[in-house]
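Engineer:
Protein chains in written order, with this note's numbering: chain X, 8 to 308; chain V, 8 to 308.
Structure (structure tokens):
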């Protein structure tokens, strides 16, 4: 996992030096089990190479071509080599208003929608509840060459379920290990996990809920359930702490994204995706036909 | 179906006058059954308000905010009202290299990927073949509030199937009427169809196939089947002519998009989508809660 972007891999795409963090974000934002979530500042901007919000658009524009080309190469490789090409799965978790939807729009909107597989996990349906909790998750795994994005995920099954005591504690307890085995299997099968916890402060959430209630264009984003969940803030923080502590093995670490500043949050997730793709470094597939012969056929057509 | 963008509907979003065509594109590009496809110039640029390729990016940027906001309103309305909100389904048909993939990337990449439902129809699988030809299509219809995009569609079942005589002629013949009934049902259920035939010239296709064979980053897009299909150009033109003649009722017309110029093709599809959304004009949903009461709850939280 050495991936300073300065040690240019043979296949790397060029991103201007000034658009890169000093330390790879996969190091700077990586959660180390045992670390206390309450020590992590939701308004921090670790690794950000600019001066603030003012240059966020420009910095994003500078990495966009590389993101775009990696994505297309990955897609092409998936078409050609199937599962051997691998895939990336970005898991987005965070409390209401933390920015899961904003990231889908602003970060994943940067690449070709054909290369994405988006899944949003709501409260489980009766059918989903009748299955193992990973059933609905497996059905939404990204195919070869795709970038999957989960807006909420299997972690809800150790978060809301734990906070609201929807199932016995021993059963929640077993799920952490089930998740670790599941994710290890995914990694082994070529699915690269990028697990992001969007860390916001209670003050910032309050601002955002108020913003939703005062703008008619945002009313639809508000649910009366939001305030009930907000009242359980400490219980959710504790549930996230346990999930991050217990489901953060070296192979599938969590990244804690400071999310009080939307521009930093979006930039950070884009950069984490770029670092993962740099590491995967898909190449354009070799042709499965004779190029010279086909050229001759087209020319004479 | 009166929809000059000058007669501003009450709910219309503002697009600068200079970014709009003189005549709505839904009129200018609409195929009239009986019209000969061979009379339509694939290099034309009807309705384009700019001077050429040079201002295509700027003109697209000018309509992007309206597209973006219509899409979000439609999405919000779908969340709130379910099927009553309706949806849009863009059908992309055209020969190899005509630009189906390019449109997905450049036009539908303009809006929030969460609001899209993309489906790409390849050669049918054995399971698909064991069902009615519309079975796989129905499974991919966009949900409420979504913009669906079909990269190929049910029309393949009267195109390749007709050209290669894969089923008896009488059976193909029945399918045109089945498609008309199917599309009428869709329209009646609130799915707005935007059927686009991407019209390219044989010369332009040749250039694009050669480009794919001479750039290693495009080798994966080439298939040895492409040149076999190209050899059947007149048969495909005839099959398209019949499909457009027989499946172009007033409620679900075809648009013929001149596609030799990629910048025009992309702009035209974006504008057709905008006109359809202007016509649908979704509004922000009303809140299903007491805004003042919720504001008070959040403020005191």
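Using N, Cα and C, we set each Cβ at its ideal position, and we do this for glycine too.
For the region 112 to 142 of chain V, which residues have a beta carbon sitting closer than 7 angstroms to at least one beta carbon of chain X?
Structural biologist: So the close ones are 112, 115, 116, 119, 120, 121, 123 and 125.
Engineer: Beta-carbon separation of residue 53 (chain X) and residue 35 (chain X) under 8 angstroms?
Structural biologist: yes
Engineer: Under 8 angstroms between beta-carbons, which chain X residues line up against residue 272 (chain V)? List them in chain order, please.
Structural biologist: By Cβ distance, chain X contributes nothing, its closest Cβ being about 16 angstroms from residue 272 (chain V), past 8 angstroms.
Engineer: Does residue 304 (chain X) have its Cβ less than 8 angstroms from a Cβ in chain V?
Structural biologist: yes
Engineer: In whole angstroms, give me the CA-to-CA distance for residue 253 (chain V) and residue 193 (chain V).
Structural biologist: 17 angstroms
Engineer: From residue 62 (chain X) to residue 145 (chain V), what distance separates their C-alpha atoms?
Structural biologist: 45 angstroms
Engineer: Decide if the region 236 to 252 of chain V is in contact with the region 150 to 170 of chain V; the criterion is three or more beta carbon pairs, one per stretch, under 8 angstroms apart.
Structural biologist: yes
Engineer: Who does residue 240 (chain V) pair with in a DSSP beta bridge?
Structural biologist: BP columns for residue 240 (chain V) are empty, so no partner.
Engineer: Examine chain X for any beta-carbon lying closer than 8 angstroms to the beta-carbon of residue 26 (chain V), and answer yes or no.
Structural biologist: Chain X, which has no Cβ nearer than 8 angstroms to the Cβ of residue 26 (chain V), makes this no.
Engineer: Rounding to the nearest angstrom, what Cα-Cα distance links residue 174 (chain X) and residue 168 (chain X) in this structure?
Structural biologist: Their backbone Cα atoms lie some 7 angstroms apart in a straight line.
Engineer: If you compare alpha carbons, which of X:225, X:302 and X:290 is closest to residue 295 (chain V)?
Structural biologist: X:225
Engineer: Along chain X, which residues have their Cβ under 7 angstroms away from the Cβ of residue 216 (chain V)?
Structural biologist: 305
Engineer: With respect to the alpha helix (DSSP H) encompassing residue 113 (chain X), which residues constitute its N-terminal and C-terminal limits?
Structural biologist: 107 to 113
Engineer: Taking 8 angstroms as the limit between beta carbons, can you name the residues of its chain near residue 235 (chain V), skipping five residues before and five after?
Structural biologist: none
Engineer: Mind listing the chain V neighbours of residue 213 (chain X)? Cutoff is C-beta to C-beta under 9 angstroms, in chain order.
Structural biologist: 305, 306 and 308
Engineer: May I ask you to list, following chain order, the residues of the region 255 to 282 of chain V that have a beta carbon less than 9 angstroms from some beta carbon of chain X?
Structural biologist: none
Engineer: My output table needs one value for residue 210 (chain X): the three-state DSSP class, helix, strand or coil.
Structural biologist: Note: residue 210 (chain X) maps to helix in three-state DSSP.
Engineer: Given a limit of 7 angstroms on CB to CB distance, which residues of the region 85 to 104 of chain V reach chain X?
Structural biologist: 86 and 87
Engineer: Residue 196 (chain V) to residue 267 (chain V), Cα distance in whole Å?
Structural biologist: 35 angstroms
Engineer: Out of curiosity, what's the CA-to-CA distance linking residue 108 (chain X) and residue 273 (chain V)?
Structural biologist: 27 angstroms
Engineer: Pull up the DSSP beta-bridge partners for residue 124 (chain X), would you.
Structural biologist: X:155
Engineer: Would you kindly report the start and end of the unbroken beta strand (DSSP E) that includes residue 5 (chain X)?
Structural biologist: No answer is possible for residue 5 (chain X): it lies beyond the span of chain X, which begins at 8 and ends at 308.
Engineer: State whether the region 274 to 285 of chain X contacts the region 201 to 209 of chain X, with contact taken as three or more CB pairs (one from each stretch) at a distance under 8 angstroms.
Structural biologist: yes
Engineer: Indicate whether residue 150 (chain X) and residue 78 (chain X) have their beta-carbon atoms separated by less than 8 angstroms.
Structural biologist: If you check the CB distance, residue 150 (chain X) and residue 78 (chain X) do not come in under 8 angstroms.
Engineer: Checking contacts by CB at 8 angstroms: is residue 21 (chain X) closer than that to chain V?
Structural biologist: no
Engineer: Taking its Cβ as the centre, do 16 or more other Cβ atoms sit within 10 Å of residue 306 (chain V), making it buried, or is it exposed?
Structural biologist: Residue 306 (chain V) is exposed by the Cβ-count criterion.
Engineer: Nearest CA to the CA of residue 3 (chain V): which residue from X:230, X:39 and X:141?
Structural biologist: The structure shown does not extend to residue 3 (chain V), since chain V spans only 8 to 308, so no value can be given for it.
Engineer: Determine the direct distance from the alpha carbon of residue 140 (chain X) to that of residue 133 (chain X), and round the result to whole angstroms.
Structural biologist: 12 angstroms
Engineer: If you measure from the beta carbon of residue 291 (chain X) to each beta carbon in chain V, is any gap under 8 angstroms?
Structural biologist: yes
Engineer: So, for residue 256 (chain V): in the same chain, excluding its five sequence neighbours on each side, which residues have a beta-carbon less than 7 angstroms away from its beta-carbon?
Structural biologist: 187
Engineer: Ordered along the chain, which non-local residues of its own chain (more than five positions away) have a Cβ less than 6 angstroms from that of residue 270 (chain X)?
Structural biologist: 60 and 63
Engineer: Residues of chain V with a CB under 8 angstroms from the CB of residue 1 (chain X): which are they?
Structural biologist: Residue 1 (chain X) is absent from the structure shown; chain X starts at 8 and stops at 308.
Engineer: Examine chain V for any beta-carbon lying closer than 8 angstroms to the beta-carbon of residue 301 (chain X), and answer yes or no.
Structural biologist: Yes, residue 301 (chain X) counts as interfacial toward chain V.
Engineer: Name the residue from X:176, X:178, X:114 and X:243 whose alpha carbon lies nearest to the alpha carbon of residue 156 (chain X).
Structural biologist: X:114
Engineer: Assign residue 90 (chain V) to buried or exposed, taking buried as 16 or more other Cβ atoms, counted over all protein chains shown, within 10 Å of its Cβ.
Structural biologist: exposed
Engineer: Who does residue 101 (chain X) pair with in a DSSP beta bridge?
Structural biologist: X:205
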